[in-house]
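Here the structure is laid out as structure tokens; the discussion comes afterwards.
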Amino acid sequence: MEESQGLVEFRSNKPSQFDGGYNPEKAELWIKEIEKIFRAMNCPDNQKVNYAVFMLVGEAEYWWDSTRRLLEGGGIIITWEVFRAKFFEKYFPNDVRRAKEIEFMQLKQGNMTVGEYASKFEELGKYSTFFYHPDERMKCIKFEDGLRPELRKTVGILEISDFPTLIHKCRFLEGFDHNKDNRPKSFGPQFNKKRNNEGKPYDRP
Numbered sequence: 001m002e003e004s005q006g007l008v009e010f011r012s013n014k015p016s017q018f019d020g021g022y023n024p025e026k027a028e029l030w031i032k033e034i035e036k037i038f039r040a041m042n043c044p045d046n047q048k049v050n051y052a053v054f055m056l057v058g059e060a061e062y063w064w065d066s067t068r069r070l071l072e073g074g075g076i077i078i079t080w081e082v083f084r085a086k087f088f089e090k091y092f093p094n095d096v097r098r099a100k101e102i103e104f105m106q107l108k109q110g111n112m113t114v115g116e117y118a119s120k121f122e123e124l125g126k127y128s129t130f131f132y133h134p135d136e137r138m139k140c141i142k143f144e145d146g147l148r149p150e151l152r153k154t155v156g157i158l159e160i161s162d163f164p165t166l167i168h169k170c171r172f173l174e175g176f177d178h179n180k181d182n183r184p185k186s187f188g189p190q191f192n193k194k195r196n197n198e199g200k201p202y203d204r205p
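Position 156 of the sequence shown, counting from 1, maps to 156 under UniProt numbering, and the rest follow consecutively.
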């Protein structure tokens with residue numbers, strides 16, 4: 001009865017179903033969503049697997065039935081940690097994680113705006129242990145290293161150690177440079193001569 005009530009509470013949070021397939025980001029987001037619900041409802045550890053498995057459908061459900069039988073046949077107790085590890089082994093394998101980390105380490109701003117670069121930096125950064133360095137200045141240095149040279153040179157001398165402040169400053173400088181580029185420029189001697197003659201009376205015949 002307790003399990004049934006717990007399942008009702010779990011489902012009342014409208015967890016998403018997971019149908020498998022090759023989509024590592026989708027798999028990771030699903031696990032995060034499920035764990036967020038677990039924390040909100042203070043779910044007991046011995047029910048987490050049952051509730052999560054209830055949301056598996058299609059290929060993912062068949063995968064778990066097979067995996068569960070292998071684990072139980074090997075005498076392994078299926079805890080949430082065991083389920084989570086097997087789930088990521090199937091749907092977000094280590095080679096994909098390593099590829100994401102390499103992509104993060106090689107990330108450059110290029111033609112992206114600061115906002116686009118920051119979003120990509122955050123998206124890929126979560127796959128790198130570097131991203132979680134206790135000294136936030138290290139995170140800032142990594143971000144600065146990928147900026148376009150002219151922006152990196154300007155912001156680097158500020159030695160900003162707070163990441164949100166760094167993003168704000170970079171956006172400001174980017175906007176300043178954009179406005180500077182859009183200021184009126186000289187259009188050459190013919191144009192300037194014309195401007196100098198403006199306001200003079202017409203020559204009478």
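C-beta atoms are modelled at their ideal positions from N, C-alpha and C, and glycine is treated no differently. Predicted model, so just to flag it, every value in this text is computed and none were measured.
Tyr117 and Pro24 closer than 8 Å at C-beta: Walking along the sequence shown from the start, residue 117 turns up at place 117. Walking along the sequence shown from the start, residue 24 turns up at place 24. No, they are not a contact pair.
Backbone CA spacing between Arg98 and Glu72 [nearest angstrom]: Start at 1 with the first residue of the sequence shown, and residue 98 comes out as number 98. Start at 1 with the first residue of the sequence shown, and residue 72 comes out as number 72. Straight-line Cα distance between these residues: approximately 30 Å.
Supposed close pair Cys170, Val96 - CB separation, criterion 8 Å: Here residue 170 corresponds to residue number 170 of the sequence shown, with the count starting at 1. Here residue 96 corresponds to residue number 96 of the sequence shown, with the count starting at 1. Wrong, their Cβ atoms sit about 30 Å apart, outside the cutoff.
Stretch pair the stretch 35-54 + the stretch 3-11: three plus CB contacts closer than 8 Å: yes
Pairwise C-alpha distance: Lys153 and Glu28: Position 28 of the sequence shown holds residue 28. Position 153 of the sequence shown holds residue 153. Computed Cα separation, rounded: 36 Å.
Cβ distance (whole Å) where Ile78 is taken to contact Val49 below 8 Å: As a working note, residue 78 is residue 78 in the sequence shown. As a working note, residue 49 is residue 49 in the sequence shown. About 6 Å separates the two Cβ atoms, so the contact holds.
Coarse secondary structure for Phe18, derived from DSSP in three states: To locate residue 18, count along the sequence shown from 1; it is residue 18. Looking at Phe18 - three-state DSSP - the assignment turns out to be strand.
Integer Cβ distance of Ile31 from Arg84, believed to fall under 8 Å: One-based indexing of the sequence shown puts residue 31 at position 31. One-based indexing of the sequence shown puts residue 84 at position 84. Confirmed, about 7 Å.
Distance between Lys14 and Glu150 (C-alpha atoms, nearest Å): For the purposes of this step, residue 150 is identified with residue 150 of the sequence shown, where counting begins at 1. For the purposes of this step, residue 14 is identified with residue 14 of the sequence shown, where counting begins at 1. Those two C-alpha atoms are separated by around 48 Å.
Every unbroken alpha helix (DSSP H) inside the UniProt domain "Retrotransposon gag" (51-148) [4 residues or more]: 58-73, 80-91, 94-105, 114-125, 136-145
Buried versus exposed call for Gly110 [16 or more other C-beta atoms within 10 Å across all chains shown]: The sequence position of residue 110 within the sequence shown is 110, counting from 1. That one is exposed.
Alpha-carbon spacing of Ser128 relative to Leu70, whole angstroms: Here residue 128 refers to the residue found at position 128 of the sequence shown. Here residue 70 refers to the residue found at position 70 of the sequence shown. When rounded, the distance between both Cα atoms is 32 Å.
Extent of the continuous alpha helix (DSSP H) to which Ile34 belongs: Along the sequence shown, one-based indexing puts residue 34 at 34. 24-41 is the extent of the alpha helix (DSSP H) around Ile34.
Same chain only: Cβ atoms within 8 Å of Lys86, ignoring 5 sequence neighbours per side: On the sequence shown, residue 86 is found 86 positions in, with the first residue counted as 1. Thr67, Leu71.
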